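So the structure is just underneath, and the comments pick up after that.
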Amino acid sequence: MTTSSTPEPVPVPIRVLLPGDQEVVAHLWSRRQPRDGWLYEVGLPAYRNGPRDSVEPAEYRVWVRAPEHVRPVDGISYDDVPIKYLEPPSVVDQVLGPRRPSGWVLAKAGGRGPSRGTVHAVDCEEAPAGAPVLNLEKALDAAQHPGTWLCSLCGAAAELDPVLKGFDHGFGGED
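Adding 12 to a residue's 1-based position in the sequence shown gives its number in my numbering.
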């Protein structure tokens, strides 16, 4: 028999505000603090079907926003409810904001003759759906073909041109 060094958390009662202006007392199991506020894991009382057409008590667990969906019960201490603080974003993430997916795709142009196309970032509105994602090396290979353009709407041109032409291009170096 294996014993755990950390005891199983004991839930405490909390009032949960349901849709339709209903309120029910539920169990508060844990709390999380993500970047945009607090989430509470609550166990709502419910019933479920059991064997031989029986009905048995059950609990439905769900994460809800606090304080929008929960209220304390008078006289109850919430000091011992487990809390998980999520890592704050790094300074780099705060400054740069959400990053877009990495990679590029090639939109091939139809017609005869030399292959033509446009290289797009994977999240570009003009990028073809289902096209294979190219890594940097393959995107640069595709971009060097005559007749291939780099999309300026999604930034593929701004991202790949300096690598193709050198970083000094446009900064006082020779063009």
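Glycine is no exception: its CB is placed at the ideal position from the N, C-alpha and C atoms.
Every value quoted in this text rests on a predicted model; they were computed, and no experiment measured them.
Item: Cβ neighbour criterion (16 or more within 10 Å) applied to G178; Value: exposed
Item: Residues sharing a beta bridge with G87, DSSP; Value: According to DSSP, G87 bridges with nothing at all.
Item: Continuous alpha helix (DSSP H) stretch holding V134: start and end; Value: First-last for V134: undefined, no H or E at that position.
Item: Pairwise C-alpha distance: V36 and P1; Value: For the chain, the structure presents residues 13 to 187; residue 1 sits outside this window and is missing.
Item: V175 to D153 span [Cα, whole Å]; Value: 11 Å
Item: DSSP beta-bridge partners of A38; Value: I26
Item: Beta-carbon proximity check, L172 vs L162, cutoff 8 Å; Value: yes
Item: Segment limits, alpha helix (DSSP H) that includes A170; Value: 168-177
Item: Same chain, Cβ closer than 8 Å to P25, neighbours up to 5 away in sequence not counted; Value: V37, A38, H39, L40, V85, I88
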